[in-house]
């Protein structure tokens with residue numbers, strides 16, 4: 053039995069539409085990331101930021117490595133300075 057007997061006539065058209073939609077989605081989000089960084093050209097970093105900041109695309113491309121994409125900036129909340137509190141002795145130097 054050949055593979056062509058199992059695939060309907062509309063399957064290639066549907067697949068092309070799905071791929072076109074995914075490409076348009078990634079390009080739109082990547083363009084937004086480039087514009088946010090005041091750039092006019094999309095580079096792999098912008099694609100990485102776009103994909104990883106979108107929940108559904110990140111899930112779809114979870115096992116994909118984007119070359120030259122870098123990592124998402126992430127600072128644990130416990131490492132951030134607490135709001136409303138002054139650092140005690142922050143202007144004083146350490147004395148031994």
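Residue numbers (the working numbering): 53 to 148. For every residue, glycine included, the Cβ atom is placed at its ideal position computed from N, Cα and C.
- Look at the beta carbons and you see the stretch 67 to 86 touching the stretch 95 to 114: at least three pairs across the two are nearer than 8 Å.
- Within the same chain, Cβ atoms closer than 6 Å to the Cβ of residue 124 are found at 104, the five residues on either side in sequence being excluded.
- Straight across, the Cα-Cα distance linking residue 96 with residue 120 is about 6 Å.
- For the 8 Å CB-CB criterion, residue 85 and residue 101 form a contact.
- Listed in chain order, the alpha helix (DSSP H) runs fully inside the stretch 84 to 141 are 96 to 105 and 107 to 112, counting runs of at least 4 residues.
- In summary, residue 81 is buried, with 16 or more beta-carbon neighbours lying within 10 Å of its beta-carbon over all protein chains present.
- A residue is called buried when at least 16 other Cβ atoms come within 10 angstroms of its Cβ; residue 99 meets this threshold and is buried.
- Rounded to the nearest whole angstrom, the C-alpha separation of residue 57 and residue 126 is 50 Å.
- Going by C-alpha positions, residue 92 is about 25 Å away from residue 116.
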